[in-house]
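Chemist: Residue numbers (the working numbering): 105 to 442. Pasting a structure here, questions to come.
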């Protein structure tokens, strides 16, 4: 672990305890900011981006400020997909169409969590090998014609898109407009029960027309990320999004929401790598909803233990290019300064 001279902060006993027990929140103390405590119940509302007007917009004031939140790309994807499928996978006739899926080393494990679902993964990039017989791979570009073939299937379609255009001429605004246009066409063509789409807007003062839906916040994302996911339901209307409002809301999420302290009741069971930051609290919330839907619990403590166990298993069943695999050891927050 990278070291920091915590004694230079001269923390009182309570703050020292919070610092020691919450590695993802250490930046608040290191950067000499106030730790904000979230006192309300954590609900579905906490998982959605708030676009309502807010006078305060917080950004990092100095390049010297430290970040102690954790970036884990495959975990980020897996949790958003668990959350989406928990809410919208309704029966055994569901087909998950996933474009932009390669290499997606977490998808075998995702399939194991939803064994009743069939998956079709579409990408021109190579995939890792999958063990599940419920996963089919199509090595091709996703097009409107291909989308039409899924609209004709007698299945309850759930569409997941994780495609981003990065053109050679480096015109990010144009790339984003291409992504939004493609996703609009594909969702409209397939007409799925629901879609989980990528959502990012150009960094300019303008507006953009896209589907109305639920702006789902990413957990374990890069601190520089200015994107989230958009859940679009059947027969969704179009909506005008303001780029400036979106950027303000994302800045507030990244620099206020993610580093607040959130109560949860998993302190009474043994956990691994979970503290009281937003990402950890959201993971607990997502896994609890999944377990409550898929299993019957009469003992509250047993549910808590199962949440901790599922979080533990996730760490060992998803690959990550820039992370050492966790096999026999314990997940350590080795990206977090002491």
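By construction, the Cβ of each residue, glycine as well, lies at the ideal position given by its N, Cα and C atoms.
What is the rounded straight-line gap between the Cα of residue 228 and the Cα of residue 206?
Modeler: Their backbone Cα atoms lie some 8 Å apart in a straight line.
Chemist: Would you mind giving the Cβ-Cβ distance between residue 388 and residue 378, rounded to the nearest angstrom? I have them listed as a contact below 8 Å.
Modeler: That belief holds up - the Cβ atoms of residue 388 and residue 378 are roughly 7 Å apart, short of 8 Å.
Chemist: Write down every uninterrupted run of the alpha helix (DSSP H) in the segment 325 to 372 whose length is 4 residues or greater and which is fully enclosed by it, in chain order.
Modeler: DSSP runs (the alpha helix (DSSP H)) wholly in the segment 325 to 372: 347 to 359.
Chemist: Is DSSP giving residue 408 helix, strand or coil here?
Modeler: Note: residue 408 maps to helix in three-state DSSP.
Chemist: Across which residues does DSSP place residue 222 in a beta bridge pair?
Modeler: Bridge partners of residue 222: 199.
Chemist: May I ask you to list the residues that DSSP assigns as paired with residue 311?
Modeler: Paired residues: 346.
Chemist: What does a CB cutoff of less than 6 Å around residue 188 pick up in its chain, not counting 5 residues either side in sequence?
Modeler: Hits under 6 Å: 300.
Chemist: Within the same chain, show all residues whose beta-carbon is closer than 7 Å to that of residue 209, passing over the 5 residues directly before and after it, in chain order.
Modeler: If we look at residue 209 and ignore the five residues flanking it on each side, its Cβ neighbours are 178, 232, 422, 423.
Chemist: Starting from residue 299, follow its DSSP beta bridges and name the residues at the other end.
Modeler: Answer is 263, 336, bridged to residue 299.
Chemist: If the criterion is Cβ atoms closer than 7 Å, does the pair residue 255 and residue 311 meet it?
Modeler: Taking 7 Å as the Cβ cut-off, residue 255 and residue 311 do not qualify as a contacting pair.
Chemist: Let me know if residue 174 comes out buried or exposed under the rule of 16 or more other beta-carbons within 10 Å of its beta-carbon.
Modeler: Buried, by the Cβ-count rule.
Chemist: Specify whether the segment 302 to 311 and the segment 333 to 349 touch according to this definition: at least 3 beta carbon pairs, one from each stretch, less than 8 Å apart.
Modeler: Yes: at least three Cβ pairs fall under 8 Å.
Chemist: Can you tell me whether residue 197 is buried or exposed, with buried defined as 16 or more other CB within 10 angstroms of its CB?
Modeler: Burial call: exposed.
Chemist: Can the beta-carbon of residue 199 be found closer than 7 Å to that of residue 149?
Modeler: Against a cut-off of 7 Å, the Cβ pair of residue 149 and residue 199 comes out as no contact.
Chemist: My output table needs one value for residue 120: the three-state DSSP class, helix, strand or coil.
Modeler: Of the three classes helix, strand and coil, the one that applies to residue 120 here is helix, per DSSP.
Chemist: Ordered along the chain, which non-local residues of its own chain (more than five positions away) have a Cβ less than 7 Å from that of residue 165?
Modeler: Bear in mind that the predicted position of residue 165 carries a pLDDT of just 47, short of 50, making it too unreliable to give a figure here.
Chemist: Pick out whichever of 367, 124, 226, 322 has its Cα sitting closest to the Cα of residue 145.
Modeler: Here the closest residue by C-alpha is 367.
Chemist: Residue 265 and residue 242 - do their beta-carbons sit closer together than 7 Å?
Modeler: Not in contact: residue 242 and residue 265 (Cβ atoms no closer than 7 Å).
Chemist: Using a Cβ-Cβ cutoff of less than 8 Å, which residues in the same chain neighbour residue 365 once the five nearest sequence positions on both sides are dropped?
Modeler: 122, 126, 129, 139, 140, 141, 142, 380, 381, listed in sequence order.
Chemist: State yes or no: is the C-beta of residue 169 within less than 7 Å of the C-beta of residue 135?
Modeler: A contact, by the Cβ cut-off of 7 Å.
Chemist: By Cβ distance, which residues of its chain are closer than 7 Å to residue 204, with the 5 residues on each side in sequence left out?
Modeler: Hits under 7 Å: 227, 265, 266, 267.
Chemist: Assuming residue 153 contacts residue 357 under a Cβ cut-off of 8 Å, what Cβ separation, rounded to an integer in Å, is found between them?
Modeler: So it is a contact: roughly 6 Å between Cβ atoms.
Chemist: From residue 359 to residue 212, what distance separates their C-alpha atoms?
Modeler: Rounded to the nearest angstrom, the two C-alpha atoms are 33 Å apart.
Chemist: May I ask you to report which of helix, strand or coil DSSP gives residue 208?
Modeler: Reduced to three states, the DSSP call for residue 208 is coil.
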